[in-house]
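One structure is given below, encoded as structure tokens.
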Amino acid sequence: MALPVASRTPAPPDPILGLAEAFRADPRPVKVNLSSGVYVDDTGITPVLPTVLEAERRMLATETTKLYKPIDGDAAYRAAVRDLIFTPGHEIVAAGRSATSHTPGGTGALRVAADFLVQEGAPRTVWVSDPTWPNHPQIFGLAGFRVRPYPYVHPGDRHVSIDAMLAALAEAEPGDLLLLHGSCHNPTGVDPSQEEWRRIGDLVEERDLLPLVDFAYQGFGDGLREDADWLDAIARPGRELLIASSFSKNFALYSERVGALTVVAKDAESASSAQSHVKVAIRANYSNPPSHGAEIVTTILGDPALRAQWEVELAGMRGRIHENRRVLVEALESRDIPGDWAPLAHQRGMFALLGLSKEQVAALREEHAVYVVGAGRINVAGITKANIDPFADAVAAVVGK
Ligand SMILES: Cc1ncc(COP(=O)(O)O)c(C=O)c1O
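Here is the structure:
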């Protein structure tokens, strides 16, 4: 016997990807899947963006080698990511106190951040919002962190429970990691207001916490710059933080695994030193990053015409999600389903949390072939002309009783 005994019992299916498998296997003719975390258009397809196809055409015509990338990626990619996060001339850029590494997706960025912190002997407590993306506790837990929840949105509420959140975080120790969703909070769709970001930033300073901003949905909320509205509150002059970017959603490059970890240090020397340690974490993990997705992002961001076109494509995805939110609220309200649905129209990003009980979520699946995650997280992008009525009828049946 060689394998660990625990590995002989199957692991539970992934809470989100497992549902997709169950949906595929469901034989009922009318079924609705709003559980996935990817953008889909009105035909249920996740298309390749035209700018991505154009970038790939150019790359194919000019590519000469498949040599390894540098451990932290190409300089052009790292600069492009930095300039997407920070406004031109931002104090952090001017001081050269950020260092970006190319990682395989946002997940890779989070895992590299966790490994880097453990490797450097940082405090091993991470505070995550309740609720959060289920992979957050898994990534940090397996990297050796104690994962502590902070209240974020009370089930059924449509706003940040800011007082409860700050009260819980007042218990955090200096150096603890504070995981924040930069925009389009997954799963609630509820982001802090400017004033709430300021209060979070004040607490970060008072408790001397290390923020890690998970920036997986830049541009999916209100716009590329608008979605960075946490920046001034959290990235204050002299303060240190980490940022995990993902280009899975805003470039629809899901399978290419392209993202970045940006370390912001107190000065340029500390940033460069920290980067050398991040490179050790990467080298020991996957050695160096996959090339293709980052080449696409660099090609698009580096060409003014392509970049302008990509921003139009991104605005198209964003606009469709906003319109779907309106359609969703109308469908729920027109059925007089008890609940406060109107605020769903003004939330950010791909997800809305309906605030359903476990029993209601199970009834949606078992009695109506409607698949949603956890406490009723739905992918708003997945709403189509064809499925909105069966979906809203099913919610009315399980909630309106
Ligand atoms: C909050 C959050 N962070 C990170 C990620 C990871 O994205 P990627 O697919 O780039 O690893 C996701 C993906 O769903 C997410 O929802």
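First residue of the sequence shown: 0, per numbering that gives the first Met the number 0; consecutive thereafter.
Think of the CB as a built atom: it goes at the ideal place given N, C-alpha and C, for glycine as much as any other residue.
Report, in whole angstroms, the separation of the C-beta atoms of Gly-402 and Arg-256, which I expect to be a contact under 8 Å. With the chain covering 0 to 400 only, the question about residue 402 has no answer from this structure.
Classify Tyr-216 as buried or exposed, calling it buried when 16 or more other Cβ atoms lie within 10 Å of its own Cβ. buried
Taking DSSP's pairing of strands, which residues face Gly-36 in a bridge? BP columns for Gly-36 are empty, so no partner.
Can you check DSSP and say which residues form a bridge with Asp-213? His-180 and Ala-243
Does the beta-carbon distance from Arg-376 to Leu-343 come in below 8 Å? no
Thinking just about the alpha-carbon of each residue, which of Asp-71, Asp-213, Ala-234 and Thr-86 is nearest to the one in Ile-138? Asp-213
Inspect the beta-carbon positions of Glu-20 and Pro-12 and report whether they are closer than 8 Å. yes
Extent of the continuous alpha helix (DSSP H) run through Thr-63: No alpha helix (DSSP H) contains Thr-63, which DSSP labels as neither H nor E.
Less than 7 Å separating the Cβ of Ala-113 from some heavy atom of ligand 3? Looking for ligand 3 in the displayed structure turns up nothing; the ligands present are ligand 1.
Of all residues in the structure, which have a C-beta closer than 5 Å to any heavy atom of ligand 1, taken in chain order? Gly-36, Gly-104, Gly-105, Thr-106, Trp-132, Asn-185, Asp-213, Ala-215, Ser-245, Ser-247 and Gly-258
Leaving out five residues on either side along the sequence, give the residues of the same chain with a beta carbon under 6 Å from the beta carbon of Asn-378. Leu-33, Ser-35 and Met-349
Report the partner residues of Trp-126 according to the DSSP bridge assignment. Arg-147 and Leu-177
What separation, rounded to the nearest whole angstrom, lies between the Cα atoms of Ile-299 and Thr-50? 7 Å
Taking Phe-350 as part of the beta strand (DSSP E), name the residues at either end of that continuous run. 350 to 352
Just to confirm, is the Cβ distance from Ala-251 to Leu-48 under 8 Å? yes
Should the region 130 to 144 be regarded as contacting the region 159 to 175, the criterion being three or more beta carbon pairs within less than 8 Å? no
Around the C-beta of Glu-366, are 16 or more other C-beta atoms found within 10 angstroms, so that it is buried, or is it exposed? exposed
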